[in-house]
Amino acid sequence: MSALIAETRSVQRNPLDLVEKLAVANDWPFHRQSDEELAAEIAGQWCHYKLWFAWAPELAVMHISCALDMKIPSKRRKQVYELLALANDKLWIGHFDLWAEEGLPVFRHAVLFRDGMRASNELVEDLVDIAVVECERFYPAFQFVVWGGKAPAEAMLAALLETEGEA
Numbered sequence: 007m008s009a010l011i012a013e014t015r016s017v018q019r020n021p022l023d024l025v026e027k028l029a030v031a032n033d034w035p036f037h038r039q040s041d042e043e044l045a046a047e048i049a050g051q052w053c054h055y056k057l058w059f060a061w062a063p064e065l066a067v068m069h070i071s072c073a074l075d076m077k078i079p080s081k082r083r084k085q086v087y088e089l090l091a092l093a094n095d096k097l098w099i100g101h102f103d104l105w106a107e108e109g110l111p112v113f114r115h116a117v118l119f120r121d122g123m124r125a126s127n128e129l130v131e132d133l134v135d136i137a138v139v140e141c142e143r144f145y146p147a148f149q150f151v152v153w154g155g156k157a158p159a160e161a162m163l164a165a166l167l168e169t170e171g172e173a
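Numbered per this note's numbering, the sequence shown finishes at 173, counting up by one with no gaps.
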């Protein structure tokens, strides 16, 4: 059984090749550190998002992280952890986390490529789109908590307020 798994994994194409093509096509600054890591930057409405992709061929898993350009002061970490839990309740795909060492909020997701499933241009585009859209959606809530001093629940309500009609 393990020989079959090893054989299947050995023919698995590296999805980071598709990520690199997407970065080139969109003129995103990127750096391919190795066959298993790629970093890119995307301009959003609120900030520049730092994307990091990792490929683990032995597990057939690609991981994507999208960091918000916002350092969380240690005095606000407790409130940010509460905000992370509230935000994660609203997500279908991926989750928010805090890179404690860097103090950065980050959206994370991993995709398993097994049983002949391969990465496609559309899948890679969707993964990047989901990461950036979710970061854009919740960025104001992080700002309200970190710089506005709002309570996490209040920040979440204000950030996700949907306006109706025209002013």
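All residues carry an ideal CB built from backbone N, CA and C; glycine is no exception.
- [ ] Apply the 10 Å Cβ neighbour rule to K156 and answer buried if 16 or more other Cβ atoms are within range, or exposed otherwise.
- [x] buried
Task: A229 burial status per 10 Å Cβ neighbour count (16 or more: buried) - done: In this structure the chain extends from 7 to 173, so residue 229 is not present and cannot be described.
- [ ] Pick helix, strand or coil for D121, following the three-state DSSP scheme.
- [x] coil
TODO: Would you mind stating whether A93 and F144 have Cβ atoms separated by less than 7 Å?
DONE: yes
Task: Beta-carbon spacing of A73, K56 below 7 Å - done: yes
Open item on the list: So, at 6 Å on beta carbons, what are the nonlocal neighbours of A125 in its own chain, with the 5 sequence-adjacent residues on each side left out?
Closed with: P21 and L24
Task: Nearest residue (CA-CA) to Q85, options A164, L166 and V152 - done: V152
Task: Neighbourhood of D103 by C-beta distance below 6 Å, restricted to the same chain and skipping five residues each side - done: V112 and R114
Open item on the list: For A45, report the span of its beta strand (DSSP E) as first-last.
Closed with: From DSSP, the beta strand (DSSP E) with A45 extends over E43 to A49.
Open item on the list: Tell me which residue opens and which closes the beta strand (DSSP E) that D33 is part of.
Closed with: Element bounds for D33: n/a, residue is neither H nor E.
Open item on the list: Using CA atoms only, rank isn't needed, just tell me which of Q149, S80 and L118 is closest to V67.
Closed with: Nearest neighbour of V67 by Cα position, chosen from Q149, S80 and L118, turns out to be L118.
Open item on the list: Is it buried or exposed, S80, if we count other Cβ atoms within 10 angstroms and call 16 or more buried?
Closed with: exposed
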